[in-house]
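These notes concern the structure reproduced below.
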Amino acid sequence: MHIKTNDIVQVIAGDDKGVKGKVLSIDRDAGKVVVEGVNRVYKHVKRSQKNPQGGRLSKEMPVRLSNVLLFCNKCNKATRTGARAAKDGSKERFCRKCGNSLGQISPAPKAS
Ligand SMILES: [Zn+2]
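Numbering-wise, this note's numbering comes out as the position in the sequence shown, counting from 1, plus 58.
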């Protein structure tokens, strides 16, 4: 799974199935990812100097990496991705359905 921060992913399982959002952070060791608007919980906070209004704060909780897939703009759905080498030697991800490039994984090696 090649998911990076700021990727657009779609949830494919669980309570938020079908929800699309931006990846906010990734915990590779735990195999979890925080996605904007997904698995949101509300925390009730008391009035304080930092929060003069008090009230509710929403916060996204991590979901399992295996429950999200990268979203392909061309297919307009979440798809499985592969990795391939581009002409310049860099590595990129691609959509296994349509072949659309989904961004670089590693840069091209420097020409010597
Ligand atoms: Zn595609």
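Where a beta carbon is used, it is the ideal one built from N, C-alpha and C, also for glycine.
Counting only C-beta atoms, is residue i closer than 8 angstroms to chain C at any point?
i, result
"residue 63", "Among the chains of the structure shown, chain C does not appear; only one protein chain is present."
Give the DSSP-derived three-state secondary structure of residue i in the structure shown.
i, result
"residue 124", "helix"
"residue 77", "coil"
"residue 84", "strand"
"residue 62", "coil"
"residue 90", "strand"
Taking the CB atoms as reference points, tell me whether residue i and residue j lie closer together than 8 angstroms.
i, j, result
"residue 79", "residue 93", "yes"
"residue 113", "residue 103", "yes"
"residue 117", "residue 135", "no"
"residue 162", "residue 149", "yes"
"residue 77", "residue 61", "no"
| Any heavy atom of ligand 1 within less than 6 angstroms of residue CB: hits in chain order | 130, 132, 133, 137, 153, 155, 156 and 158
| With contact counted as at least three CB pairs below 8 angstroms, one residue from each stretch, are the region 128-135 and the region 149-156 in contact? | yes
| Meets three-Cβ-pair contact criterion under 8 angstroms: the region 118-125 and the region 64-78 | yes
| Hey, which unbroken runs of the beta strand (DSSP E) at 3 residues or more fall wholly within the region 96-163? | 98-103, 113-118, 126-130, 139-143 and 149-153
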